[in-house]
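Single-structure report; data block below.
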Amino acid sequence: MNKTIRRTSVFVLLLVFALLIRATWVQYYDGKALADDKYNRRNVIETYAEPLGNIIVAGRSVTGSARTKSGDLAYKRTYKDGELYAAVTGYASQAYAPTQLEGIYQDLLNGTDTRLKTVMDTVTDRRAEPGDVVTTIDPDVQKAAYDALGAKKGAAVAIDPKTGKILAVVSTPSYDPTSLTDANSAASAWKRLNADPDKPLTNRALRQPLPPGSTFKLVVAAAALEDGLYPSVDARTDSPDPYTLPGTTRELSNENPNAPCENASIRTALEYSCNNVFAKMAVKLGQDKVRAMAEKFGFNDDSQDVPVRAYTSVYPSDMNESSTALTGIGQYDVTATPLQMAMVSAAIANGGKLVSPHMVSQITDGGGDVLKNYDDSAGTKQIVSSSTAEQLQSAMQTVVEKGTGTNARISGVTVGGKTGTAQHGENNSQTPYAWFTSYGKAGGKEVAVAVVVEQSDAARSEVSGNGLAAPVAKAVMQAALKN
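The numbering used here applies: residue 11 is where the sequence shown begins, and numbers increase by one.
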């Protein structure tokens, strides 16, 4: 063999080795990445080759799967009462990434979760039978919230204070997830929903924090009682009316100029929603103490999973005293989700203990065996003392019995609440947000509810927590506490 042939042979052999090495690398190292790539069509084909598992509400599936008539995707997701449960289920789409519970439990619902595999599945490398997600949602409470919100733009959350179970998560306007499931028609629905100025795809209950207004006064009151700034909700406070914001000439007014807000007790200040009392109280406590109490309730928690990740409710830092005063009435840079404000009422109603809120009770395999029980693993934190909780319960009851929250009264039910009307836009130039957070107790049952109404058909002068949000909360509490 001459030198040229020998060199050519060696070169060809090296090329063969290089190809073998590259093929091995692709198969064993890049293979998984390629298989998991979102643009890999085979993943979508496999996901929709069989019916998906289901999301369950009160023993009834609110999802399903339907045989497609053409194409390489054998099944598509369907929804029952889609608009009613959209804020809970989210959507599983052939064209877009899944959201809400559909996204969190995607592997469980499509059968790829390793916990679902039997020995035979492992041997045959067959996809396991999909599992189900069992929610804590009460269909009657969910519907009551949805119907009561109606055409209003807003949200409602209901929690069982004793267990942490979320009974309702509603965001309006809603949308039908079914419109997004079919790859052939999803694009037009996606474009329409995203172009809608009311943003129906936004989960306002969990993922849109807004200024909570006077509902935040409950947090400030809790901080004052726990700190010993005042011995009880009936003790006189040192609160001039009007109150001039520190370092400014601006006087902070009250909604009702005739309310007895000068030096009012916490009970009276909550009853009439006295801004001067809580602004002065926040300054006297200092921002650090108010923030510490807010964080006990769940503010500034960037990992609040229920299991859907809720957007962070914020109590700000590095403020001057005038800004701190405004945070005392739930303004400046304070923001909260309805979930967060429901958590505040839930902790107060439950003797100061906050049970971790969750809207999934358990997940099961294809045979119905429980893979994980979230009800058993819900943690509990003591937020405030039982004495502070009892006093705030009493003061909140006064708000409903004869104060700013009378529209939430329910015959035969112990109801406590707090209204809020939060400024919106520069110099409050836009329609204010109407809030109501509350709890109800009757017949051994309890429920905590928070409602926000961003926009309605009401005239601006009629926008208030009592006028718009309290009736929604009342309907939700009635549904949750019925025999």
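No residue lacks a Cβ here, since even glycine has one placed at the ideal position from N, Cα and C.
As the structure is a prediction and not an experimental result, all values here were calculated from the model.
What first and last residue would you give for the alpha helix (DSSP H) that runs through residue i?
{"i": "D213", "result": "It should be noted that the sequence gives Asn, not Asp, for residue 213. Careful: N213 lies outside any alpha helix (DSSP H) and carries neither H nor E."}
{"i": "S396", "result": "396 to 412"}
{"i": "K163", "result": "Element bounds for K163: not the alpha helix (DSSP H) but the beta strand (DSSP E), 163 to 169."}
{"i": "T145", "result": "No alpha helix (DSSP H) holds T145; the beta strand (DSSP E) holding it covers 142 to 145."}
{"i": "S198", "result": "196 to 205"}
{"i": "Q392", "result": "That residue, Q392, is in no alpha helix (DSSP H); its beta strand (DSSP E) goes 390 to 392."}
{"i": "Q110", "result": "110 to 114"}
{"i": "Q152", "result": "149 to 159"}
{"i": "G92", "result": "92 to 99"}
{"i": "A279", "result": "276 to 282"}
So residue i packs on residue j, CB below 8 Å; how close in whole Å?
{"i": "L349", "j": "T390", "result": "So it is not a contact: roughly 17 Å between Cβ atoms."}
{"i": "Q116", "j": "Y58", "result": "At roughly 12 Å, the Cβ-Cβ gap does not stay under 8 Å, so Q116 and Y58 are not in contact."}
{"i": "P187", "j": "G113", "result": "P187 to G113, Cβ: 12 Å. No contact."}
{"i": "A138", "j": "G376", "result": "7 Å"}
{"i": "L216", "j": "T182", "result": "The Cβ separation is near 14 Å, so there is no contact."}
{"i": "A161", "j": "R214", "result": "Not quite, the Cβ-Cβ distance comes to about 14 Å (not below 8 Å), so this is no contact."}
{"i": "T247", "j": "V287", "result": "6 Å"}
{"i": "G338", "j": "V230", "result": "5 Å"}
{"i": "V410", "j": "A168", "result": "About 17 Å; that fails the 8 Å criterion."}
{"i": "Q218", "j": "Q341", "result": "About 17 Å; that fails the 8 Å criterion."}
{"i": "D385", "j": "S371", "result": "5 Å"}
For a quick check, are the C-beta atoms of residue i and residue j less than 8 Å apart?
{"i": "M353", "j": "I147", "result": "no"}
{"i": "L262", "j": "P252", "result": "yes"}
{"i": "S242", "j": "E272", "result": "no"}
{"i": "A196", "j": "Y106", "result": "yes"}
{"i": "D244", "j": "R277", "result": "yes"}
{"i": "S387", "j": "T429", "result": "no"}
{"i": "L336", "j": "A289", "result": "yes"}
{"i": "T414", "j": "Y282", "result": "yes"}
{"i": "V179", "j": "V486", "result": "no"}
{"i": "V324", "j": "F309", "result": "yes"}
{"i": "V143", "j": "L111", "result": "yes"}
{"i": "L118", "j": "G141", "result": "yes"}
{"i": "V482", "j": "A155", "result": "yes"}
{"i": "G453", "j": "A399", "result": "no"}
{"i": "P221", "j": "S332", "result": "no"}
{"i": "P171", "j": "A480", "result": "no"}
{"i": "Q297", "j": "T254", "result": "no"}
{"i": "A232", "j": "L478", "result": "no"}
{"i": "R87", "j": "T191", "result": "yes"}
{"i": "W445", "j": "M303", "result": "no"}
{"i": "I66", "j": "L83", "result": "no"}
Determine the burial state of residue i: buried for a count of at least 16 other Cβ atoms within 10 Å of its Cβ, exposed for fewer.
{"i": "Q392", "result": "exposed"}
{"i": "A356", "result": "buried"}
{"i": "G174", "result": "buried"}
{"i": "T431", "result": "buried"}
{"i": "N330", "result": "exposed"}
{"i": "L126", "result": "buried"}
{"i": "L62", "result": "buried"}
{"i": "L44", "result": "Any reading at L44 must be qualified, since the residue scores a pLDDT of 48, below 50, and its modelled position is unreliable; no value is offered."}
{"i": "A68", "result": "exposed"}
{"i": "N12", "result": "exposed"}
{"i": "S275", "result": "buried"}
{"i": "T109", "result": "buried"}
{"i": "G422", "result": "exposed"}
{"i": "I31", "result": "exposed"}
{"i": "L491", "result": "buried"}
{"i": "R470", "result": "With a pLDDT of 48 at R470, under the threshold of 50, the modelled position of this residue cannot be trusted, and the question is left open."}
{"i": "K79", "result": "exposed"}
{"i": "L280", "result": "buried"}
{"i": "S313", "result": "exposed"}
{"i": "N268", "result": "exposed"}
{"i": "T374", "result": "buried"}
{"i": "V344", "result": "buried"}
{"i": "A102", "result": "buried"}
{"i": "R52", "result": "exposed"}
{"i": "F226", "result": "buried"}
{"i": "R202", "result": "exposed"}
{"i": "N64", "result": "buried"}
{"i": "L29", "result": "exposed"}
With respect to the beta strand (DSSP E) encompassing residue i, which residues constitute its N-terminal and C-terminal limits?
{"i": "I176", "result": "176 to 182"}
{"i": "R87", "result": "85 to 89"}
{"i": "V486", "result": "It is not in any beta strand (DSSP E) - V486 instead sits in the alpha helix (DSSP H) that spans 480 to 491."}
{"i": "K521", "result": "A question about residue 521 goes unanswered here, because the residues of the chain that appear run from 11 up to 493."}
{"i": "V459", "result": "455 to 465"}
Quick one: complete beta strand (DSSP E) runs, 3+ long, within the segment 297 to 364? Those beta strand (DSSP E) runs which fall completely within the segment 297 to 364 and span 3+ residues do not exist here.
Starting from the N-terminal side, write out each stretch of the beta strand (DSSP E) that is 3 residues or longer and does not extend beyond the segment 362 to 387. The DSSP assignment places 363 to 365, 370 to 374, 380 to 383 as complete runs of the beta strand (DSSP E) inside the segment 362 to 387, in order along the chain (cut-off: 3 residues).
With a floor of 3 residues, list each beta strand (DSSP E) that falls wholly inside the segment 48 to 76, ordered by position along the chain. The beta strand (DSSP E) runs lying completely inside the segment 48 to 76 and spanning 3 residues or more are 65 to 67, given in chain order.
Which full runs of the alpha helix (DSSP H) of 4+ residues lie inside the segment 207 to 267, going along the chain? 214 to 217, 227 to 237
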